[in-house]
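Visitor: Numbering (the working numbering), first residue to last: -4 to 972. Beta carbons: idealized from backbone N, C-alpha and C, even for Gly. Keep in mind it's a predicted model, so treat the numbers as computed, not measured. Before we start, here is the structure in question, set down as C-alpha cells.
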C-alpha cells in the first residue's frame, strides 16, 4: 500500500535543500489532487503521535531535523547549531504550530552534543553547501552505506559537518593560483578517525581533487587495513572490478577480495560504472595486498587525460570529467622513493593536478626529528619520511596535506616557519568524542572520587597483589563465555566475532617470547575443565563480573548457568593448539599470521603478546581484557598504547584493565601507570577544552591561529613529556585570561618551610575575617525548590591585596600558575577587570568537624584533600560552594533565596574560595591540633578564584604568549596579542 503522506513529505523536504521553507505552501503545490488530506498539518501531527517504532515518516523527519540542528555551514540559520533556538528557528520557517512542534520534539529530541572544534586561519569560501550538494556522487554513496551499517542520523550528520569543515579549508581545486593548505585533524585513540578521512576523501574527489595519496601507517598490515576500508566504503565494487564480469571466474583472476568473506555484499555499490552514470571513475593505484610499485602502467595511470587539451587540468571543463586516482602507501622510504621517482617522470601536468595527501597517524615517522643544532650552515636536515613528504608537496604544488592523529602534540610543535614542513598552518580541527565511544571518562573518575569507573574496570597490580596474570587469563575466559551467553539470549553476535586479550609488559622482543611461553604454560595448568578451575572462575564471576553487570544486557544469575559457555569459549581460544599470538618485530612476518587477520579470519579469539607494534594504528578487534605494565616517559607514546579505548557494543561492562600501579622506572623510582594515564588524559582534555574556548571568533576573526597552538599543550607529570624531546617546538605560554571562569591551582609545595611561608602570606587576610558566619545557599539546577546551605567566614580584599598574596606564595609548579598571575596583574577593563574580591572560607559544624588557629588567627575549619600520585590535588573547591561565589562575581543572576551573595555582589568584584587543607597522608586533622592550633607546616592554604564576569557579557577568554618562529630569526620572541 502506498504511503501517500510519506511520499508527499519526501517531495516537500527534497525541495528544501537549502534549508526549511513554509511547509504548507510547498505541500499544496506538490500534493496529489486525490490526497488533499495529506497537506493538513493536523494529519501529520496525529501520525507522529500514533507512530510505531521504525515509522518511515518519523525516520525521514529525524534525518532532516537532525541535519538542520547540526548545520554549521548553511546560509539560512541565524541561531547557533545544536540548540533549542536553532530548532525553533527551523519550525518558524516551516510555519509549524505549538502542538506539532511538541510532537516533533518528543519524537526527535534536539541533538546537543558538541561538534568539532575548529582553529583556523581566515580562508576564501568556495565549498558552500550548495556546491557540495551539486557534486556529491561518492559522498552520497558513502552516506547511504553508513546508514545501512546502522549509523544514527546524529552520527551521519556529525560526520557530514566535520568532513565539510575540512574540505572547505582546502584550496579550491579549480583556482588558478596554486596553493597547498596544511591541516591537522585530532581524534581520540581508536575513535573512528578513518571514517572522517573517508568522508573527507569522498567530498574532496566529488569537489574536483583527482589524486589522493593516503599515507597508511608503517606496516603492510596497517596499510592493507586502510586500503580495504577505502575500497569497501568509498571506491566500491564497480571501480574494483573495472568492468570485469563478477560471474566469470576467469575475469576475476588478479582482482583482490575474492577470498574476503565480506565481498561483495558489504562493499559499497554505485549501481553501475560511475562514468556511465554521469559521474567519474576511481582508479586504484594500490590494492589490498600490493603497495605502490614502480611499474610502467603505474606511470601511465598517473598521466591524466584532458578533454580540453588547451586548458589546464584544473579547469572545470577538464577536471569534472577526469577519473580520480587513489593510492594507499606505507610510510616507508623505499615505497615513497618509487612514487616520487614516477611522479618526476610525468612532467608539467603535475603542477595542474589538485591532489590530497592524507597522513594517518601523522605524528609517527612524518615529523622531522633532526636536531637543529646539528644542521650544517643552518640548512634544514630532514629525517627520511619527513623529507619524502616534503618532496611530494613540492612536486605537487596543488597538494593539500591533512594529518590525522589522536596525539597531536608532536605536530603542533613543528616549526611554523618551515614552509616545506607539515605544520598545520591553515587549520586544526578537534573531533568530538563519538557516541558509544569508551574513553578516558569510562576508566577514570576525573570529576569525583565517588565515581564508579575505576571500581568497575580497573584491576591494579601492586607488590602485595602479585602479578594477577592468572586472574587476567581467567577474566578473559569468563568474558568470552559471557559474550557467548549473550548471543544465546538474543544479543547481536556481530561485535562478538572476535574476542581478544592484550598483554603488554615490555618493549623487548626476547621478553615477549618468554612471556608468551609463560602464558601458554599457565593456560595449560589453569585446569579450566576441572572442578578446581570452575571453582576459581565461579569465584571471579561472583566477586567481579556479576557485581558490575550492565542492567540492560543478559547476565546469568549463577556460574552454573554459564558453565556450558565456558567450555565453548575455552575451545575457541585454544583453536589451533595455542591461545597465544606474539606480535612484534621489525619485519612483517608476525603480522602475516592468519590468526591475526581480523578481516579474513572468521573468529580471532586469542591472547596477543607484544609491544610497540601492538599500539599505534593497529586495531585490536574485540579487545576485552588488557594486561599492561609497560613504562615510557613520553605522553603521546603512552596514550597510543591505550588500546582499551574504543567501541565496545554489547560488552562495555565486561572490559577490564589490569595495570601496574607500582612499576619500576629507572633504578630508584616507581610509577603508577593508571595515574600516568589519568594525567595525560587530563592534559589532552585540557588541550581540547582550550581549543574550544579560543575557537570563538572575535569580531568575525579568529583569536588563535594554528601557529599559536603550541602554548596550549601542558605537562603535569615531570617525568612524562607531551612528546619526544626531539619533537617539541619551543613555545612559552605567558598568560591565560579567564573572565568569569574558575582558576583553581592544584600544585602546591610539600616542604614545611614553604607551607609555613604561605601561611604567613595569608595570615593578614585571615585576620580580617568577620567572626559572624555568613550563610550561603546553593540552589538546585532543576529549579524545583531544593537547596543546600553552608556557613562561611568572609572578608573583602582589595585587588592589590590579593595580587600581593598570589605573587608572594610559593607554588609546587610556578610555571603552571604564572600565566594566570600575568592575567591577575592587569586589573584594567582589558585585563581581569576586578577591583576587589570576596574571600570565602566555608565552615562546618558537624561531629567530625575540626577547627584550628593558624599562626594565631581565629579558628577556621580544616578540610581534607588527598594529593594524587603526581603530588597535586585533583580538586580543591567543593562543587556546592561555587554557586554563591559565581553569583558574587556576576556569573549568575542574583537570587532572593541567596541573600548574602546578593549583598556581597557588586560590579567588578570577584570571589575567592579558601580552604585550609590537610592531606590525610599527613594525619587526621583532629590528631594534628594541639591547644586549638595546628602547625602551619601541616596545612596547605589552597584557593580557587573567579574573576569578575564582564558586565556586558561580551568578554571572551583568550591567551597571550611567546612563540619561537624560525622564519623571523631577527626577533627572539613574537608577541601575539
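(1) Just mark residue 679 as buried or exposed, buried being the case when its beta carbon has 16 or more other beta carbons within 10 Å.
(2) Is the segment 817 to 836 in contact with the segment 891 to 910, if contact means three or more CB pairs nearer than 8 Å?
(3) Considering only their Cβ atoms, is the gap separating residue 814 from residue 944 smaller than 9 Å?
(4) Suppose you measure from the CA of residue 142 to the CA of residue 148; what does that come to, to the nearest Å?
(5) Just reading off the beta strand (DSSP E) that residue 764 is part of, what are its end residues?
(6) How many angstroms separate the CA atom of residue 245 from the CA atom of residue 163?
(7) Mapping DSSP to helix, strand and coil, what is residue 110?
(8) I think residue 376 touches residue 365, with their Cβ atoms under 8 Å apart; what is that distance to the nearest whole Å?
(9) Given residue 798, which residues of its chain have a CB within under 6 Å of its CB, disregarding the five upstream and five downstream residues?
(10) Would you call the segment 129 to 139 and the segment 33 to 52 touching, i.e. three or more CB-CB distances under 8 Å?
(11) Determine the DSSP secondary structure at residue 737, reduced to helix, strand or coil.
(12) Taking only runs of the beta strand (DSSP E) that begin and end inside the segment 343 to 428, which ones reach a length of at least 3 residues, in chain order?
(13) Can residue 626 and residue 655 be called in contact, C-beta distance under 9 Å?
(14) From residue 169 to residue 816, what distance separates their C-alpha atoms?
(15) Give the secondary structure of residue 1 by DSSP, where H, G and I count as helix, E and B as strand, and everything else as coil.
(16) Tell me, which residues are paired with residue 831 by DSSP?
(17) Assuming the contact rule is C-beta atoms closer than 8 Å, residue 67 and residue 37 should be a hit. Round their C-beta distance to whole Å, please.
(18) Straight-line CA distance for residue 854 to residue 839?
(19) Candidates 285, 17, 435, 403: which alpha carbon is nearest residue 422's?
(20) Quick one, which of 414, 508, 675, 887 has its alpha-carbon nearest residue 439's?
(21) Can you name, in chain order, every residue of its own chain whose Cβ lies under 7 Å from the Cβ of residue 788, other than the five neighbours on each side?
(22) With three or more beta-carbon pairs closer than 8 Å as the criterion, would you say the segment 353 to 361 touches the segment 309 to 316?
(23) Looking only at DSSP bridge pairs, what is residue 278 linked to?
(24) Which partner residues does residue 499 have in the DSSP bridge list?
(25) Taking buried to mean at least 16 other C-beta atoms within 10 Å of its own C-beta, is residue 193 buried or exposed?
(26) Identify every run of the alpha helix (DSSP H) within the segment 459 to 539, keeping only runs that are complete inside it and at least 4 residues long; order them along the chain.
(27) For a quick check, are the C-beta atoms of residue 483 and residue 532 less than 9 Å apart?
(28) Distance, Cα to Cα, residue 395 vs residue 480?
(29) Please list the terminal residues of the continuous beta strand (DSSP E) segment that includes residue 177.
(30) Quick one: give me the first and last residue of the beta strand (DSSP E) that residue 658 is part of.
(31) Where does residue 11 fall in DSSP's three states?
(32) Using C-beta distances below 7 Å, list every residue in its chain close to residue 903, excluding the 5 sequence neighbours before and after it, in chain order.
(33) Which value, in whole angstroms, describes the spacing of the CA atoms of residue 243 and residue 232?
(34) Spatial neighbours of residue 29 within its chain, please: CB distance less than 8 Å, with the 5 preceding and 5 following residues excluded, ordered by chain position.
(35) How many angstroms separate the CA atom of residue 263 from the CA atom of residue 227?
(36) Assuming residue 669 contacts residue 622 under a Cβ cut-off of 8 Å, what Cβ separation, rounded to an integer in Å, is found between them?
Guide: So, from the data block:
(1) Buried: at least 16 other Cβ atoms inside 10 Å.
(2) Touching, per the Cβ criterion.
(3) no
(4) 8 Å
(5) Run containing residue 764: none; DSSP gives neither H nor E here.
(6) 44 Å
(7) coil
(8) 5 Å
(9) 819
(10) With a cut-off of 8 Å, the segment 33 to 52 and the segment 129 to 139 do not count as touching, because too few Cβ pairs lie within range.
(11) coil
(12) 350 to 355, 394 to 400, 422 to 425
(13) Here residue 626 is near residue 655, since their CB atoms are less than 9 Å apart.
(14) 49 Å
(15) Residue 1: helix per DSSP, three-state reduction.
(16) The partner list for residue 831 (beta bridge, DSSP) reads 793, 904.
(17) Contact between residue 67 and residue 37 does not hold, since the beta-carbon distance rounds to 34 Å and is not under 8 Å.
(18) 12 Å
(19) Considering only alpha carbons, the answer is 403.
(20) For residue 439, the nearest C-alpha among the options comes from 675.
(21) 764, 765, 768, 836, 838, 855
(22) no
(23) 320
(24) 623
(25) By the 10 Å Cβ count, residue 193 comes out buried.
(26) 464 to 483, 504 to 520, 526 to 535
(27) Not in contact: residue 483 and residue 532 (Cβ atoms no closer than 9 Å).
(28) 49 Å
(29) 177 to 181
(30) 658 to 660
(31) When DSSP states are grouped into helix, strand and coil, residue 11 belongs to the coil group.
(32) 828, 829, 830, 943
(33) 15 Å
(34) Annotation note: pLDDT 48 at residue 29 (below 50); position unreliable, coordinate value reported separately. None.
(35) 6 Å
(36) That belief does not hold up - the Cβ atoms of residue 669 and residue 622 are roughly 13 Å apart, past 8 Å.
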